Every structure is written in structure tokens, then in C-alpha cells.
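Chemist: Taken in order, these protein sequences are the chains called A and B.
When the letters of the first sequence are read in order and numbered with our numbering, they come out as residues 2 to 228.
When the letters of the second sequence are read in order and numbered with our numbering, they come out as residues 2 to 228.
Glycine included, each C-beta is placed from N, C-alpha and C at the ideal position.
Please read all numbers here as calculations on a predicted model, not as lab measurements.
Just dropping this structure here.
There are 2 protein chains.
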Amino acid sequence: MSELPTIEKGNRSRGGADGNGATRERNEREILAAAERVFAQYGYRGASVQAIAEAAGLPKSNVLYYMGNKRGLYVRLLERMMARWNALLDDISVEDDPAEVLEAFIRSKMQLSRRHPEGSRLFAAEILGGAPFLQGYLRGELREWVHARAKIFEQWAERGLMDPVDPVWLIFLIWSATQHYADFEAQVLGITGKDEISDADVERITRFLTQVILKGCGVRPPSAMPG
Amino acid sequence: MSELPTIEKGNRSRGGADGNGATRERNEREILAAAERVFAQYGYRGASVQAIAEAAGLPKSNVLYYMGNKRGLYVRLLERMMARWNALLDDISVEDDPAEVLEAFIRSKMQLSRRHPEGSRLFAAEILGGAPFLQGYLRGELREWVHARAKIFEQWAERGLMDPVDPVWLIFLIWSATQHYADFEAQVLGITGKDEISDADVERITRFLTQVILKGCGVRPPSAMPG
DNA sequence: CAGTTATTTGACCAAATGGTCAGGATGTTT
DNA sequence: AAACATCCTGACCATTTGGTCAAATAACTG
């Protein structure tokens, strides 16, 4: 605990600029990755700049040199995660097949959580704590995102392509079910006795969720073209 | 932030012993409630004893007098929540009706999250952070709990009372879906535009989840008695 | 090469952290 | 009233917190 990082001064492979903004870019990437892990584990308040610096293998001052301050670093991470989320299921229309869209949604959401488990947990921790930094996003962009898709689900229901379930709650159901495997990984591992969730597990879970949720809201399996 | 609690010294209604352990009991209750809120919001590291004390309207020293230290207080809260959880769905057998049991599970889980939202979030934060204090519980008691119920689900599937879905993942699905409304309340409120989740909402959500999940795993609605 | 800019980092700071403790206040019991 | 136990809390402590700064170093540019 009292041990400092002990970076060798002459670490040639890391120090100094090396043409363009390459140094900056590389260091920022490394710091962001480390910060994502630490913030995800301890939350905003619980995470310390010192801990982030150690995780990145840099002195604290250097982290602050690149990121300005803790708050800014945190917000940057949140924004990065929002961007990833926004890119999800970006273009669907009423004409699409419900089964295909829902499966694609479940699948890409699972993969997002799997590819960025720390970002996913960071997001979760932020919302758990009352979303002090994300209020605006939740009541703005994300709300629009959800309602746009909800409208399409409703139209599908009107056309008899699925049961008339509340589309917003359906989205929450999918969100929570997929999020669970990233956010509560510790629980899933503890209960199943595994020591990691494999790609095969992810595939099985995806299929399970797809099957249960599609069937659960009466979506016809893809094939028959209406009209 | 720099303001101290400023408790009046002569607060008659709180000071001193009053027969039995009534004082202790009352103060402990109040401290536990305050701590649950603060830990839920900020996580273990992010929560400060000072913040808990202020939330309880007591000086920090008094909180430590009752609870010993931060760690002990936290563990006590986790244990209280585990006890609540363990009491859930405690006696089911293969002879029971799947539809009834699953609905009861969803319903009581929803109510648990609703009655103890802070406890629920506390639990979630602990697991999010890798469950450093709950490893044992997850790999022990909770694992048994889950597997015992999973076995029953499997037998139901064998008897043709439901689809042969993986029972552990079904439990996770129900867990995550119900947990969501407590843990991510900020998200649900932000997106729906409500400023609280009403009892009526809870009832609607419960019905929605019951309908979709039961249908989704092919559970026959209650009525026909087998064998 | 000199000049300019970007990077690195230890020393430092005020505030907050978890926790201890002595001593006073408030009761109950005899 | 004396004795005893519980309760309360301000003062205090070592450590950690987020953040600043100046001086050193490294790299790019003319």
C-alpha cells in the first residue's frame, strides 16, 4: 500500500513524444482503459486517481496531466460508452421482421456487454448511484432512442406480428437480461461454479434469451412474409 | 460540505438509556437505514462514515460506537439483505404448479426489490464490484438455493409442464428482470419520464413479466392438475 | 544547431478519510 | 446517595484524497 509504482525513469519504450500525437494517443488509451476498470469496480467516489494511475502504470501527476481531473476523466468514459450504445440497432423500420430485429437486438446487446464489460459495469454503477452525471442523457437521447423503437414494436403488434405487450417494458426486459451477464458476472460465476464465461456460454445464453423472449411476446419466427 | 451536523446537546428525545436496550435498538435501526442508503448510492469505498453519520443525524463517533467500524457495518447490512433473500420462495416442490410458483417467484422478487430498494442496490453494488465480501455466500448458500430450484424446474420440464430451458438461466432471467426496477430506477424514471414508480406500475410490470416469461418457457397456465 | 513545444514527475497542499480515546452525561440498581 | 453501566462526543491521529506547480527532460521544427 505504501509502495509507489516505481517506474524506471529511462523506460525507452514509453517515454516522450514519437511523432504526431502518438504518445498522447497511446497514453490516453492506456489511462482510459485503466480508469474504466477502476471506476467500474469502485464507482466514481470509491475510485482514486492514485489507483487509476497504478493500474495504468503511470505516476498520478501524469494521469492528471492528460485528463485534467477525475471528473473529466469519468465523464469522458461515460461518453465513450454512450456512443457505443447509441450505435446499437440504429436503423430498424416497421417493414423489418420482428423476429430478426429482436434477435439482432439481443445478440448485439450481449456482445456489447461482452466486449466492454468494464464500460458496462461503469454505466451500471453510475445509474445505481442515481445517475448524477447521466440524468441529461437518460431524459434526452436515450429516451428518444427507446421511444422510437417502442413505436415500431407497437406497430408490429397492431399488424398482428406480436402480442400487444408494453414495448418499453420489453426493451427494459431485454436490457436487464443481457446486462446481467456483464454487471453481475461475479454472481453468475459464483453460482455456476465456472471461472469465466466462455464464448460458447454467451452463444447459449443468447439463444436462450432469444427463444424465451420471442416466444414470450408471441413473435412469429422469421420466414413468412406478410402482405 | 464543511458544515458539521450541529446536533443540539440537550436533545432529550434521543439522549441516554431508557430501560432495556431500547436506545441501542432504535439508534442501530436508524444507523443501519442511513448506512444502507449511503452504501447503496456510493458503494463500499465511496461511502464515508461521516456521510452515514450525517444521514442518520448523529456524530460520527456515535456511529462508530454502535457499529465498531465501517467494514462491520457494511457486512451487517449485507447479511440482513441475504436473510431477506433467503426467505424467498422457501418451500416449493415438484408437485406444485409451475405457473403458480413462477408467478409467485416473480411477484415476491418484485416486492422484495420494491420494499428494500436500497438494500437491493447495496447488493447490486457489491456484486458489481466483484463481490469481495460475498464470494462465500455466492459460492455457498446462494448456489445451493439456485440449484435446488433448478432441479425442480428440470423435473417440470421432464413431465412436460414446461419447455426444457436451462433452469439456471431462467432464474437469472427472472432475477435480472425484477432487480432492474430497483437497481436502475434512475434509468427507468428517466426514460419513462415519471418521477416515481407507483404501486400500479409495479403491478403492471409484474403482470407483464409473468405473462412473457411463463409463455416464453411454455408453462401451461394453472388449472389442469396432472396425474 | 538553437528554439519551441510537449511530456514527465516529485514535492507539496488543504481537506477528508477511518478510527481511537478520554471524559462527561445519563440512566438503573441497591 | 453511591455504585455501576451504558451512552455520547469533541479532540485528536496517521493516512489518503484530488489537485497544483515548477523544474527537468524529451521531442519536434526551423
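(1) Just to confirm my understanding: we take B/GLU186, look at its own chain, exclude 5 residues before and 5 after, and list those with CB closer than 8 Å. What are they?
(2) Name the residue from B/ALA158, B/TYR45, B/ALA54 and B/LYS61 whose alpha carbon lies nearest to the alpha carbon of B/LEU129.
(3) How about A/LEU234 and A/PRO60: are their beta carbons less than 8 Å apart?
(4) Comparing C-alpha positions only, which one of A/LEU139, A/ASP167 and A/TYR138 sits nearest to A/LYS152?
(5) Would A/ILE192 count as contacting chain B if we go by Cβ distances under 8 Å?
(6) Can you find the residues in the same chain that come closer than 8 Å, C-beta to C-beta, to B/SER14, ignoring five residues on each side of it along the sequence?
(7) Whole angstroms are fine: how far does the CA of A/MET111 sit from the CA of A/LEU215?
(8) Applying a beta-carbon distance threshold of less than 9 Å, which residues of chain B neighbour A/TYR43?
(9) For A/GLN136, count the other beta carbons within 10 Å of its own beta carbon; 16 or more makes it buried, fewer makes it exposed. Which is it?
(10) Could you check where the alpha helix (DSSP H) with B/ASP91 kicks off and where it finishes?
(11) What three-state label does DSSP hand B/VAL213 in the structure shown?
(12) Report yes if the CB atom of B/ARG41 is closer than 8 Å to the CB atom of B/ALA56, and no otherwise.
(13) Just reading off the alpha helix (DSSP H) that A/ASP98 is part of, what are its end residues?
(14) Would DSSP call B/ASP202 helix, strand or coil?
(15) Taking DSSP as the reference, what is the three-state secondary structure of B/GLY191?
(16) Could you tell me whether any Cβ in chain A is nearer than 8 Å to the Cβ of B/GLY217?
(17) Along chain B, which residues have their Cβ under 7 Å away from the Cβ of A/ASP167?
(18) Does chain A have any CB closer than 8 Å to the CB of B/SER109?
Modeler: With the given structure in hand:
(1) PRO118 and ILE198
(2) B/TYR45
(3) The shown model of chain A, from 2 to 228, leaves out residue 234 of chain A, and the question about it has no answer.
(4) A/ASP167
(5) yes
(6) Residue confidence for B/SER14 is low, a pLDDT of 32 falling below 50, so the modelled location carries little weight; the figure read from the coordinates is stated next. Excluding sequence neighbours, B/SER14 sits near nothing in its chain.
(7) 16 Å
(8) GLY44, TYR45, ARG46, GLY47 and GLY130
(9) exposed
(10) Run containing B/ASP91: none; DSSP gives neither H nor E here.
(11) helix
(12) It should be pointed out that residue 41 of chain B corresponds to Ala in this sequence rather than to Arg. It is not a contact, given that the beta carbons lie outside the stated cut-off.
(13) Here A/ASP98 belongs to no alpha helix (DSSP H), and DSSP marks it neither H nor E.
(14) helix
(15) helix
(16) yes
(17) PHE209
(18) no
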